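First comes the structure, then the notes that go with it.
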Amino acid sequence: MDATTLLITNALLSSAAAVVMAVVLCTRKTYPGFGFWTGGIACLALGAALLVPGVLPATWATRVGRNAVLMAGHLMLLRGMLRFRGWRVGPALEATVALLFLLPFGYLSLDAGQLAARIVCYCLFSAAINSATVAVTLWRRPPYFGSNDRLLALWLLLFVLITLVRAAQELADVSTAFETLKSFGSVYALAQILSVQLVTLTLVSINSQRIEADHRAGAADLQQREQQLRLMGDNLPAGFLYRYTLADGHRRFDHVSSGIQRTFGLSPADVMRDASPLFAMLAPEMQPRYAEEEARSAAQLTDFHATQRFKLPDGSVRWLDVRSHPQRRPDGAVFWDGVALDVTDTMAARAKVVRQAGFYRCLSQCNAAVARSDSQAALFAAVCDAIVEAAGMRLAWVSLADADGRLQLQAQAGEPADLPQRLLAAGTSTLTAGQAPDEQALRSGEPLWCQQLPADAPAQAWQGAARQAELQALATLPVRRGGRVVAALTICAGDTQAFDPETQHLLVDLAANVSFALDNFDREADRRQAQQALDAHRQQLEETVERRTAQLAEARQRAEAASLAKTAFLANMSHEIRTPLNAMIGMAHLIRREDLSPRQADRLLKLEVAARHLLEVLNAVLDLSKIEAGKMTLEAVPLRVEAMVSNVLSMLGERADARQLRLHSEVEHMPRDLLGDPTRLQQALLNYANNAIKFTDRGSVTLRARLLEKDSRSALLRFEVEDSGTGIDPEAMPRLFEPFEQADRARTRRAGGTGLGLAITRRLATLMGGEAGATSRPGGGSTFWFTARLQRSAADVDAAAPRPEGDAEEALRRRHAGTRVLVAEDNPVNAEVAQAILEEAGLLVDVATNGDMAVAMALQGGYRLVLMDMQMPVLDGLDACRAIRRQLPSATLPVIAMTANAFAEDRAQCQAAGMDDFISKPVDPPALYGLLLRWLEPVNPPA
Numbered sequence: 032m033d034a035t036t037l038l039i040t041n042a043l044l045s046s047a048a049a050v051v052m053a054v055v056l057c058t059r060k061t062y063p064g065f066g067f068w069t070g071g072i073a074c075l076a077l078g079a080a081l082l083v084p085g086v087l088p089a090t091w092a093t094r095v096g097r098n099a100v101l102m103a104g105h106l107m108l109l110r111g112m113l114r115f116r117g118w119r120v121g122p123a124l125e126a127t128v129a130l131l132f133l134l135p136f137g138y139l140s141l142d143a144g145q146l147a148a149r150i151v152c153y154c155l156f157s158a159a160i161n162s163a164t165v166a167v168t169l170w171r172r173p174p175y176f177g178s179n180d181r182l183l184a185l186w187l188l189l190f191v192l193i194t195l196v197r198a199a200q201e202l203a204d205v206s207t208a209f210e211t212l213k214s215f216g217s218v219y220a221l222a223q224i225l226s227v228q229l230v231t232l233t234l235v236s237i238n239s240q241r242i243e244a245d246h247r248a249g250a251a252d253l254q255q256r257e258q259q260l261r262l263m264g265d266n267l268p269a270g271f272l273y274r275y276t277l278a279d280g281h282r283r284f285d286h287v288s289s290g291i292q293r294t295f296g297l298s299p300a301d302v303m304r305d306a307s308p309l310f311a312m313l314a315p316e317m318q319p320r321y322a323e324e325e326a327r328s329a330a331q332l333t334d335f336h337a338t339q340r341f342k343l344p345d346g347s348v349r350w351l352d353v354r355s356h357p358q359r360r361p362d363g364a365v366f367w368d369g370v371a372l373d374v375t376d377t378m379a380a381r382a383k384v385v386r387q388a389g390f391y392r393c394l395s396q397c398n399a400a401v402a403r404s405d406s407q408a409a410l411f412a413a414v415c416d417a418i419v420e421a422a423g424m425r426l427a428w429v430s431l432a433d434a435d436g437r438l439q440l441q442a443q444a445g446e447p448a449d450l451p452q453r454l455l456a457a458g459t460s461t462l463t464a465g466q467a468p469d470e471q472a473l474r475s476g477e478p479l480w481c482q483q484l485p486a487d488a489p490a491q492a493w494q495g496a497a498r499q500a501e502l503q504a505l506a507t508l509p510v511r512r513g514g515r516v517v518a519a520l521t522i523c524a525g526d527t528q529a530f531d532p533e534t535q536h537l538l539v540d541l542a543a544n545v546s547f548a549l550d551n552f553d554r555e556a557d558r559r560q561a562q563q564a565l566d567a568h569r570q571q572l573e574e575t576v577e578r579r580t581a582q583l584a585e586a587r588q589r590a591e592a593a594s595l596a597k598t599a600f601l602a603n604m605s606h607e608i609r610t611p612l613n614a615m616i617g618m619a620h621l622i623r624r625e626d627l628s629p630r631q632a633d634r635l636l637k638l639e640v641a642a643r644h645l646l647e648v649l650n651a652v653l654d655l656s657k658i659e660a661g662k663m664t665l666e667a668v669p670l671r672v673e674a675m676v677s678n679v680l681s682m683l684g685e686r687a688d689a690r691q692l693r694l695h696s697e698v699e700h701m702p703r704d705l706l707g708d709p710t711r712l713q714q715a716l717l718n719y720a721n722n723a724i725k726f727t728d729r730g731s732v733t734l735r736a737r738l739l740e741k742d743s744r745s746a747l748l749r750f751e752v753e754d755s756g757t758g759i760d761p762e763a764m765p766r767l768f769e770p771f772e773q774a775d776r777a778r779t780r781r782a783g784g785t786g787l788g789l790a791i792t793r794r795l796a797t798l799m800g801g802e803a804g805a806t807s808r809p810g811g812g813s814t815f816w817f818t819a820r821l822q823r824s825a826a827d828v829d830a831a832a833p834r835p836e837g838d839a840e841e842a843l844r845r846r847h848a849g850t851r852v853l854v855a856e857d858n859p860v861n862a863e864v865a866q867a868i869l870e871e872a873g874l875l876v877d878v879a880t881n882g883d884m885a886v887a888m889a890l891q892g893g894y895r896l897v898l899m900d901m902q903m904p905v906l907d908g909l910d911a912c913r914a915i916r917r918q919l920p921s922a923t924l925p926v927i928a929m930t931a932n933a934f935a936e937d938r939a940q941c942q943a944a945g946m947d948d949f950i951s952k953p954v955d956p957p958a959l960y961g962l963l964l965r966w967l968e969p970v971n972p973p974a
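Numbering follows the working numbering, with no gaps: position 866 of the sequence shown is 897.
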């Protein structure tokens with residue numbers, strides 16, 4: 032075989048080996064380094080092809096390039112083995128070898144006649160690199176190599192040996208390469224061909240053996256983990272682990288831990304092939320829901336989670352919390368791996384909490400019935416209804432002893448409705464006379480508790496009827512009137528042990544409250560009798576017209592004096608409350624800007640919320656006082672209904688999100704020339720929306736604004752707030768809009784509120800020429816509405832867009848840093864708060880502690896603005912402003928009232944004294960910054 036044929040054969044077979052490596056790389060799992068092996072074989076194939084005579088011209092670049100490619104192939108085999116063994120070697124290896132090889136080889140390639148030297152250089156370098164590969168392969172060989180590493184080392188060593196022999200031959204005097212091939216060259220070429228093929232097969236085998244080793248290790252680890260999981264399942268204190276399969280409608284367990292025997296008394300073998308013994312214990316009412324959830328989990332392969340109730344053959348109940356993950360087998364069967372935890376004790380504790388909460392609600396409702404019931408029959412009916420509806424009892428009734436001592440049914444609630452009368456009739460029979468539980472309580476004056484009604488001896492007279500009605504527990508409590516037992520309150524439950532000690536204590540209190548109410552009825556009867564006698568006496572008295580006129584005049588004077596005293600009291604109390612509130616809110620604002628821990632920030636937030644809530648209550652009381660005194664004045668400024676509703680939504684968005692309620696609006700197209708008081712309209716809408724969010728547990732709250740009618744001079748608008756809450760009792764509707772009235776006092780106490788919001792809203796609606804009202808039905812939500820007639824402007828006006836307050840502080844700090852401001856405040860704490868708030872915005876602040884000092888400092892000059900308190904020693908704020916205005920006009924030095932006096936009369940007095948603007952305490956820092964910015968750089972000078 033000639034040299035050309037050998038070279039072509041070498042190139043073709045090397046290329047085939049490279050293709051095999053590439054196919055393995057793309058189609059099978061490979062490890063780091065296999066890619067370098069593939070590249071190395073490919074470089075050897077390319078280098079072999081470049082050696083074929085006539086493929087490339089005989090130039091220096093050709094000689095250097097094809098040998099560099101061959102050397103790169105050997106080097107990539109070394110790099111691949113290093114990566115395969117997990118050794119980290121940087122690119123310095125390739126750079127060093129390339130430098131050491133290319134420099135001498137490139138020099139030798141300058142002379143085409145230096146063939147022997149080039150061959151020797153290439154052979155030495157390739158032998159060294161392959162020897163290094165052999166060393167890496169055999170160094171601390173891992174177990175997954177098997178015998179393939181030795182085979183690889185053998186092929187590489189044979190190649191090294193032949194290469195060294197070839198180099199030794201080239202050191203002899205041979206004139207051409209063809210002459211060399213004719214001697215040892217043919218053997219060398221055949222050895223190179225076989226080496227590339229054998230190395231390729233060995234590398235693929237090494238990779239495959241590592242895959243098998245990893246698989247065996249993974250299987251062993253999986254088996255160990257499965258055994259650990261089984262041990263964990265067997266040692267679960269309450270519950271069991273399982274693998275459950277559903278195939279063709281047949282249920283079985285592939286695995287279940289021994290905990291199932293502790294939970295249900297079933298051994299794992301009982302349910303392995305057929306799970307029906309376990310599912311037979313599942314409560315009938317839960318089986319449809321379980322089947323539905325199981326089918327959904329199997330169809331969608333979503334996690335299964337349910338809490339199921341099981342009834343064991345001995346009558347006991349077990350609750351299981353089941354969680355599992357489904358998977359589908361190739362045959363279409365679905366299996367779940369999961370855990371079932373025994374939560375019987377947890378469910379019992381939760382049921383106890385719910386039951387006790389129900390009894391507390393029942394006691395609260397009974398107390399309310401005691402307070403509002405005007406007759407004995409109404410009281411008994413309300414008590415029975417509360418016991419059944421709030422406490423969740425099956426049956427409750429009250430029986431009253433007649434003149435002969437026989438008990439007569441007075442009121443009842445629950446099912447079966449005919450049972451109380453049948454039990455009373457059974458108790459009066461000659462066989463059981465005096466043995467009925469209610470008669471025993473009536474006779475002994477002590478409560479009677481039967482925790483297991485079908486078996487307790489004291490209830491023997493009623494056991495037959497109670498068993499038919501599936502009643503499990505009974506309590507009978509004596510009811511007294513005037514210290515004597517006159518009635519019995521009987522309560523039946525559907526569960527055994529329903530009356531724990533705390534529940535018994537609550538029921539004894541309930542019976543005592545009923546006794547107290549009966550005594551109150553007697554006292555009220557005595558009072559009415561005395562009142563009738565007093566009325567009869569008064570009817571005999573006649574007063575002269577003059578005396579009655581004098582009395583009316585005197586009463587009028589007293590009323591006017593009382594009104595003035597009330598106004599003065601409210602004004603004084605407003606000032607006295609707002610002053611410390613200003614300090615509290617201001618200090619909280621300053622503290623919030625400091626570095627606080629999460630706990631401190633949370634407590635500070637609660638402080639701010641409490642202070643602002645107190646301010647809202649104070650404002651509500653003052654608003655109601657102003658309206659009742661006829662001193663509430665409404666603005667008539669341009670407004671945009673859409674913007675107002677949007678503002679309300681933004682203010683309430685966080686509260687609605689916190690309660691997981693949907694909050695949205697529906698606003699019809701409104702005229703653009705409306706005039707009104709946007710503050711009061713927003714206040715009325717906020718009152719409604721706040722209540723809706725407060726008393727809605729789920730669903731949504733919708734704000735609506737509708738245009739009912741309009742003409743050239745006015746428009747009648749209707750605002751509504753609709754919720755999906757619990758609704759309102761029809762009996763409570765007539766008093767909803769009265770001051771300090773609430774639909775459900777007990778619920779409102781839990782939710783908060785003063786009972787003033789609806790009253791203020793109705794009065795505001797009346798002032799705006801409209802009405803207010805509500806529609807509701809229990810369980811169907813409520814709709815509160817009010818109407819307002821707004822004037823329309825003759826000119827084309829639009830609501831002015833206020834300057835955003837959120838940027839005011841930054842604007843002050845950026846454009847007015849160093850501006851001098853005078854604060855006239857006698858209260859040291861409020862002065863400190865005002866100074867700190869203003870200095871936060873970069874202003875320079877001086878404080879005057881009385882009016883006389885404020886006048887002197889203001890007239891000295893250098894101040895851009897004065898913040899003036901109204902009530903100060905020496906000289907009050909009004910007189911101080913008058914003194915300033917006698918020398919400095921508003922354009923030179925604006926004076927802004929910052930006072931705790933919040934009445935309209937106070938604002939008017941400030942304007943009359945020459946003050947330019949007004950802000951009430953407690954001061955909201957963003958609002959204060961916005962006010963200062965308007966006066967320090969007015970877009971349009973404030974009026």
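Cβ atoms here follow ideal geometry from the backbone N, Cα and C, with glycine treated the same way. No experiment lies behind these values; they were computed from the predicted model shown.
Check, Outcome
"Could you name the residues that DSSP lists as bridge partners for Y275?", "F284 and W367"
"Using only the heavy atoms of the ligand MG, determine whether one of them is closer than 6 angstroms to the beta carbon of L565.", "Of the ligands one can find in the structure shown there are none, so the ligand MG has no counterpart to examine."
"Could you tell me which of S731, Q942, T733 and L748 sits nearest to L739, measuring between CA atoms?", "L748"
"Using C-beta distances below 6 angstroms, list every residue in its chain close to G788, excluding the 5 sequence neighbours before and after it, in chain order.", "N718"
"Considering Cα atoms alone, identify which of I759, D910, S921 and V672 is closest to A819.", "V672"
"Between the Cα of E856 and those of A143, A53, F530 and A928, spot the shortest distance and give me the residue it belongs to.", "A928"
"Measure how close the beta-carbons of V676 and S696 come, nearest whole angstrom, since I'm counting them as under 8 angstroms.", "5 angstroms"
"For F156, which three-state DSSP category applies?", "helix"
"CA-CA distance, R3 and F411?", "Residue 3 lies beyond the residue range present for the chain, which begins at 32 and ends at 974; the question has no answer from this structure."
"What does the alpha-carbon distance come out to for the pair L479 and V510?", "12 angstroms"
"Just the Cα atoms here: how many angstroms apart are R474 and L508?", "11 angstroms"
"Using the Cβ count rule (16 or more neighbours within 10 Å means buried), how would you classify M112?", "buried"
"Quick one: give me the first and last residue of the beta strand (DSSP E) that M424 is part of.", "First-last for M424: undefined, no H or E at that position."
"In whole angstroms, give me the CA-to-CA distance for L440 and R283.", "56 angstroms"
"Quick check on DSSP: helix, strand or coil for G707?", "strand"
"If you follow the alpha helix (DSSP H) that K60 is in, where does it begin and where does it stop?", "Looking at the DSSP string, K60 is not in any alpha helix (DSSP H), and its letter there is neither H nor E."
"When you compare each of L450, A490 and A486 to D469 by their alpha carbons, which one comes out closest?", "A490"
"Hey, would you say L297 sits closer than 7 angstroms to P315, going by beta carbons?", "no"
"According to the neighbour-count rule (16 or more other Cβ atoms, all chains shown, within 10 Å of its Cβ), is K952 buried or exposed?", "buried"
"Whose C-beta lies closer than 8 angstroms to the C-beta of M107 among residues of the same chain, with five residues either side of it excluded?", "F67, W68, G70, G71 and C74"
"With a threshold of 6 angstroms on Cβ separation, who are the neighbours of T806 within its own chain once the five nearest residues in sequence on each side are excluded?", "T814"
"For T733, does the three-state DSSP call read helix, strand or coil?", "strand"
"Are A542 and L520 closer than 7 angstroms when you measure CB to CB?", "yes"
"Is DSSP giving L253 helix, strand or coil here?", "helix"
"CA-CA distance, R172 and Q240?", "13 angstroms"
"Can you give me the start and stop residues for the alpha helix (DSSP H) that H105 sits inside?", "W91 to F115"
"Could you give the distance in angstroms between the alpha-carbon of E446 and the alpha-carbon of R808?", "25 angstroms"
"I'd like to know whether the C-beta atoms of H105 and N161 end up nearer to each other than 7 angstroms.", "yes"
"Beta strand (DSSP E) containing S951: first to last residue?", "D948 to S951"
"Report the residue ranges of all beta strand (DSSP E) runs contained in full by the stretch 833-901; include only those spanning at least 3 residues, in chain order.", "851-855, 875-879 and 896-899"
"Report yes if the C-beta distance between T664 and A715 is below 7 angstroms; otherwise report no.", "no"
"Between the Cα of V954 and the Cα atoms of T580, R917, A939 and A867, which residue gives the shortest distance?", "A867"
"Kindly indicate which residue of C393, M424 and V517 has the alpha-carbon position closest to the one of D433.", "V517"
"In chain order, what residues of the same chain have a beta carbon less than 7 angstroms from the beta carbon of G758, not counting five sequence neighbours either side?", "S807, R808, P809, G810, G811, G812 and S813"
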